[in-house]
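Novice:
In the numbering used here, the protein residues as written are -16 to 102.
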């Protein structure tokens, strides 16, 4: 009985030998399987891209990009016109102020001359 217990402990106990388990497939099988999986992934991605409306989306992107550029040009043109209008408005405001000052001086002079004539 002791003999059997020793054998069981020797094979299955804490003092049992360590065993390395190796896969029974060689490394090149793993490499082939990995390459097949990668190529399958690329193939599926290619098929999904071909079957989708990629051409329609790219055409729409081109159209929208062209429209965006045209709107940018229009925006720049409108900004330049606004700057010109603001500069013109400022110049006209200055001219108006000087003309009003001259008009006020002329009215004062006229009033002065009218008073002189009445005396």
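Backbone N, C-alpha and C fix where the C-beta goes; we use that ideal spot for every residue, glycine too.
To which residues of the same chain is residue 76 closer than 6 Å at the C-beta, ignoring the five residues directly before and after it?
Specialist: none
Novice: Please report the straight-line C-alpha distance between residue 92 and residue 81, rounded to a whole angstrom.
Specialist: Using only the alpha carbons, I get a separation of about 16 Å.
Novice: Which residues mark the beginning and the end of the alpha helix (DSSP H) in which residue 35 is found?
Specialist: Segment: none, residue 35 is in no alpha helix (DSSP H) and carries neither H nor E.
Novice: Just the Cα atoms here: how many angstroms apart are residue 22 and residue 44?
Specialist: 30 Å
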